[in-house]
Each structure stands twice: as C-alpha cells, then as structure tokens.
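A quick write-up on the structure given underneath.
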Amino acid sequence: MPRLAVIGFPVAHSRSPAMQNAALETLGLAGEWSYRAVEATPAAFEMTVRELASLGYAGVNVTVPHKEAALALADEASDAARAIGAANTLSFSGKRIAADNTDAAGLLASLPGPIPNPRALVLGAGGAARAAIWALAHAEPPPDGNLPFVTQRVTKGREGPGFQVDVWNRTRSRAEAVFEQLGGPASLGGAVVEAPAQSAYGIVVNTTAVGLHGEDPFAELPLDPAAFAAGQVVVDMVYGDRPSALLAAAAAAGATTVDGLEVLVQQGALSLRTWTGLEPPIEAMRAAARA
Ligand code: ATR
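See the structure below:
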C-alpha cells in the first residue's frame, strides 16, 4: 500500500493530512493510499526519512524546520529545489530519494490570472521568501503546457522569463544575502529596496511572519493600506480563519488577493501529482484545507 506523510517539528497543526486524504478519497484511492503526519526533531529527521523510504513509503512532504535538510539528504534534486536551497517534497524509489520544491510552482499556480505589470515585490528573507523570489523571477508556463494550473499567468516584461523582483526585509542584510544567493540583479531583474513604491508593483507577496500573531502589517511592513490599487495581486502567506489585515485592506482597494492556504493547496496538489501521476482534485483539497 503506497503511503505518504508530512514530516515537521512540530507538525500537529498541519492541514496537509486532511487536505491530502480528501484528495485521495476523491480520486478513489483512499483504500489504497494514505497520508499522515510524522513528527521528527532535527536530530531525527534524516533517520526518519530513510526509515519511511525503507518501509515502502512513496514520498513525503517536508515542512519547517526540515526543508534544507531534506534537500541535503536527497540523491537528486529539481532545479527549483537546488536554486532555492530547500525541498518540500521527497519521492522515494527504493532507497533513492528525489527532492523537489513545489512551494515555488504552488505560488505561481495560486495566482489568479495574467498579471500584465511585470514588477514584483517580495517582503521577507526567510525560506518562504526564497521560494517566492525564485518562482516569480523564473515564472514561465511549462514547455509541455500540460500543467493546468500553471498556465499563461505571467507576462514577460523583460528579457528572459518572469517578473522583475524587488526584495524588502526588516533586516536589510538578510535581503541582500538572499538576493545574491538567488543570482542578484542579473537573474532577478530587481533590487533590494528600503522604501518600495507600493503602487508600482503588479504583485506584492508577504512572506514575513507579520500578522501571524495579530501584528499590524501597516506598522511593521513598508506598506500603506490606501496605496493598493485595482489590478494588483496581493499574496499573504500568513493565513487564519479570517482574511489577514493585509489582504482585507488590499481587497478593499480593489486588488486581487491570495492567501497562504491557497498556496498550501497548490503546493500540495503538485506534490500529489508527482507521487501519483494523477490530476489532483483541487476543489476537494481546498474544501478540506479550509474546513
Ligand atoms: P521563513 O518562515 O520564511 O523561513 P524566517 O526565517 O522565520 O522565515 O523569517 C521570518 C521573516 O519574517 C523574516 O523575513 C523576518 O524579518 P527579519 O529577517 O528582519 O527577522 C520577518 N519578520 C518577522 N517578524 C517581523 C516583524 N515584526 N516585522 C517585519 N518583519 C518581520
């Protein structure tokens, strides 16, 4: 019986088991496949992964704080995982472990439609920021065109594919380090910015933890609730039962909003497709993630 899991520390709060088991059920695979949460400390992570592989698991999602370690232990890795320096998806074939990062493509898949303005602003400089920056800078429909949820969503506003990405972070030196790691201005098209001109961007992505514990985003981030505009897309990786204060203000200004749960659903769908080869039932996954 093919088994799947998400490994994290802690992992009890993860919505992935509910979401992935709903998907397996909808696909008619619930009797055959299963997906559970596995908690492993950083010290136990590698041993746990190898044990699951040897038990015949098909693969695992990897979440905080193990994404870098997941890439490090893999025998092979996708371009995305290698560039971002982290993996959220491991696939096992015998003892061989392949690493991928579907956080990047999942972000792109969550975007609502074409974004004609090719300038992007990413707030933050942690792991979530690295995936978002790389994804936006390399955003391109796949050559075979058969990923239905990564379609022509992004226009090419400069030479080469993807957005021109600017990065802001509270601690500027971290933004500079991440920006250089991901290829600098030549690869990202943008710059590290201190006071971004909010209305100049086609898309703004908050990857910081601001809002997670009720912080006021407009006090902590270089954003003004009145400066969002219709036609902009605003993504907030933070999610809860209600729209974040950031997304509420963006929506009130007529911007299109995407929350972190939608990104979670899309990254999970891409992982499930990798393991099963089947078309993920997005609606069922969305409903379970939001239940
Ligand atoms: P991740 O979860 O993406 O791996 P992390 O490494 O935990 O991220 O970093 C969290 C991000 O939220 C960082 O960009 C952090 O900014 P610093 O690098 O300056 O610490 C940001 N962050 C957390 N609290 C913040 C706050 N109150 N104001 C602004 N940024 C904040």
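Convert by adding 187 to the 1-based position in the sequence shown; the result is the number in this note's numbering.
Just so it is clear, CB atoms sit at the ideal spot from N, CA and C, and this is done for glycine as well.
Exposed unless 16 or more other CB atoms sit within 10 angstroms - verdict on residue i
{"i": "L358", "result": "The question names Leu, but residue 358 is Thr in the sequence shown. The residue is exposed, with fewer than 16 neighbouring Cβ atoms inside 10 Å."}
{"i": "A267", "result": "buried"}
{"i": "E449", "result": "buried"}
{"i": "K282", "result": "exposed"}
{"i": "L242", "result": "exposed"}
{"i": "L399", "result": "exposed"}
{"i": "H200", "result": "exposed"}
{"i": "G401", "result": "exposed"}
{"i": "G332", "result": "With a pLDDT of 45 at G332, under the threshold of 50, the predicted position of this residue should be treated as unreliable, though the coordinate-derived value follows. With fewer than 16 other Cβ atoms within 10 Å, it is exposed."}
{"i": "L465", "result": "exposed"}
{"i": "A318", "result": "buried"}
{"i": "S360", "result": "exposed"}
{"i": "P383", "result": "buried"}
{"i": "M472", "result": "buried"}
{"i": "M424", "result": "buried"}
{"i": "P301", "result": "exposed"}
{"i": "P215", "result": "According to the sequence provided, residue 215 is Gly. The question's Pro does not apply to it. When all chains shown are included, G215 counts as exposed."}
{"i": "P467", "result": "buried"}
{"i": "G349", "result": "buried"}
{"i": "M234", "result": "exposed"}
{"i": "M206", "result": "buried"}
{"i": "P229", "result": "exposed"}
{"i": "A373", "result": "exposed"}
{"i": "A439", "result": "exposed"}
{"i": "G377", "result": "buried"}
{"i": "P303", "result": "exposed"}
{"i": "P197", "result": "exposed"}
{"i": "G218", "result": "exposed"}
{"i": "A478", "result": "exposed"}
{"i": "G427", "result": "exposed"}
{"i": "V341", "result": "Because the pLDDT of V341 is 44, which lies under 50, any placement of that residue in the model is unreliable, and the number read from its coordinates should be weighed accordingly. V341 comes out buried."}
Residue i in three-state terms, based on DSSP
{"i": "Q419", "result": "coil"}
{"i": "P335", "result": "Only weak support exists for where P335 lies, its pLDDT of 36 falling under 50; the value from the coordinates is given anyway. In the structure shown, P335 sits in coil (DSSP, three-state: anything other than H, G, I, E or B)."}
{"i": "V341", "result": "Low per-residue confidence applies at V341: pLDDT is 44, beneath 50, and the placement is therefore not dependable enough to give any value."}
{"i": "L308", "result": "strand"}
{"i": "G455", "result": "helix"}
{"i": "R283", "result": "strand"}
{"i": "R190", "result": "strand"}
{"i": "D290", "result": "helix"}
{"i": "I469", "result": "helix"}
{"i": "V365", "result": "helix"}
{"i": "R477", "result": "helix"}
{"i": "T358", "result": "coil"}
{"i": "V445", "result": "strand"}
{"i": "G464", "result": "coil"}
{"i": "V425", "result": "coil"}
{"i": "G371", "result": "helix"}
{"i": "V198", "result": "coil"}
{"i": "E346", "result": "Low confidence applies to E346: its pLDDT is 49, below 50, so where it sits in the model is not reliable, and the reading given next is rough at best. In the structure shown, E346 sits in coil (DSSP, three-state: anything other than H, G, I, E or B)."}
Worksheet entry | Quiz: which residues have CB nearer than 7 angstroms to the ligand ATR non-hydrogen atoms | V251, G311, A312, G313, G314, A315, A316, N356, R357, T358, R361, T394, T395, A396, V397, E402, E407, L408
Item to complete: Let me know the alpha helix (DSSP H) ranges lying completely inside the segment 217-280, each 4 residues or longer, listed in chain order.
Response: 232-241, 254-260, 266-271
Worksheet item: Counting only runs that start and end within the segment 375-406, where is the beta strand (DSSP E) found for 3 or more residues in a row?
Response: 376-379, 390-393
Worksheet item: Would you call the segment 283-290 and the segment 424-432 in contact, with 3 or more CB pairs under 8 angstroms?
Response: no
Worksheet item: Are the segment 269-280 and the segment 215-226 touching by the rule of at least three beta carbon pairs closer than 8 angstroms?
Response: no
Practice prompt. May I ask you to verify whether the segment 451-465 touches the segment 292-309, counting CB pairs closer than 8 angstroms and requiring at least 3?
Written response: yes
Worksheet item: Counting Cβ pairs closer than 8 angstroms, one from the segment 413-424 and one from the segment 260-275, do we hit at least three?
Response: no
Item to complete: Report yes or no: do three or more beta-carbon pairs, one from the segment 304-312 and one from the segment 385-400, lie closer than 8 angstroms?
Response: yes
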